[in-house]
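Visitor:
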Amino acid sequence: MSEVVFELFWRWLLIGALAFGGGQAALSLVERTVVADTGWLTPADLSTAIAFAFMTPGPVLILAPFVGYHVAGLAGGLGAALGVFLIPWFLATGSARVLRAATQQPWVRAFGLGTAPAVVALLLVSAFDVGRASFIGWPTVTIAGAALMATKRRVHPVLVLVGGAAIGMLLSLFSP
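In numbering that gives the first Met the number 0, the protein residues as written are 0 to 175.
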């Protein structure tokens with residue numbers, strides 16, 4: 000059993016190290032590793048795992064503990080999760096130290112001064128596009144208004160989302 004857990008750790012460490020460009024860029028490596036090379040999952044199992052993982056943030060990172068648990072139980076899930084997160088964690092930690100020193104440079108401050116408003120503009124454009132597709136009648140505008148007021152009153156964002164989802168489901172029961 001410990002050999003399988005070590006193999007899960009090692010293979011997911013490699014996937015975590017090579018998943019540059021986002022997790023989707025590593026899907027072919029994941030497929031080759033867990034289906035073709037090891038037979039840990041069938042193609043149908045992997046498809047199901049990917050479908051469920053894409054309902055969460057960081058879908059490929061969610062696949063690691065799923066596959067590990069499927070193969071070797073809790074120890075396998077923990078080994079795979081540790082493997083896939085270890086290299087990105089080290090890279091992020093190392094980058095944070097370098098970036099902290101770099102933020103003292105005048106050109107980095109100037110860069111941030113110009114990019115911060117640009118990022119806000121990009122977020123606003125995205126919010127406008129999502130809003131245009133989301134506001135399809137008075138009920139959705141009302142839900143958005145209630146969510147805005149709840150957020151202003153410091154209601155936890157998860158509760159705001161759950162509340163909006165619940166109201167949307169209730170409204171769908173009574174709409175034609």
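The beta carbon of each residue, even a glycine, is placed where N, CA and C say it ideally should be.
Predicted, not measured: the structure shown is a model, and the values here were computed from it.
Measuring only the C-alpha atoms, how far is Val35 from Ser27?
Guide: Note on residue identity: the sequence assigns Ala, not Val, to residue 35. A direct Cα-to-Cα measurement between Ala35 and Ser27 gives close to 10 Å.
Visitor: Cα separation between Gly93 and Ala145?
Guide: 42 Å
Visitor: For a test of the three-state rule: what should DSSP assign to Pro56, helix, strand or coil?
Guide: coil
Visitor: Answer with buried or exposed for Arg10, where buried requires no fewer than 16 other C-beta atoms within 10 angstroms of its C-beta.
Guide: buried
Visitor: Between Val159 and the rest of its own chain, which residues show a CB-CB distance below 8 Å, the 5 nearest in sequence each way excluded?
Guide: Ala146, Ala149 and Thr150
Visitor: Does the region 76-89 come into contact with the region 51-68, if we say contact requires no fewer than three beta-carbon pairs (one atom in each stretch) closer than 8 Å?
Guide: Two segments are said to touch when three or more pairs of C-beta atoms, one from each, lie closer than 8 Å; by this definition the region 76-89 touches the region 51-68.
Visitor: State the start and end residues of the unbroken alpha helix (DSSP H) segment that holds Phe134.
Guide: It is not in any alpha helix (DSSP H) - Phe134 carries neither H nor E in the DSSP assignment.
Visitor: Measure the C-alpha to C-alpha separation of Phe84 and Gly136 and round it to an integer number of angstroms.
Guide: 43 Å
Visitor: For the alpha helix (DSSP H) containing Arg31, list its first residue and its last residue.
Guide: From DSSP, Arg31 is part of no alpha helix (DSSP H); its letter is neither H nor E.
Visitor: Grouping DSSP H, G and I as helix and E and B as strand, with all else coil, what is Gly82?
Guide: helix
Visitor: Mapping DSSP to helix, strand and coil, what is Ala18?
Guide: coil
Visitor: If we cut at 8 Å on Cβ distances, does Ser94 have a partner in chain D?
Guide: You won't find chain D in this structure, because it holds only one protein chain.
Visitor: Mind reading off the beta-carbon distance from Gly38 to Ile86? Whole number of angstroms is fine, and I expect it under 8 Å.
Guide: Not confirmed; about 25 Å, so no contact.
Visitor: Nearest to Ala18 by CA position, among Leu123, Ser1, Val97 and Leu90, is which residue?
Guide: Leu90
Visitor: May I have the straight-line CA-CA distance separating Val33 from Pro105, to the nearest angstrom?
Guide: 47 Å
Visitor: Assuming contact is defined by CB atoms lying nearer than 8 Å, are Ala80 and Val59 in contact in what I supplied?
Guide: no
Visitor: Classify Trp88 as helix, strand or coil using the three-state DSSP reduction.
Guide: helix
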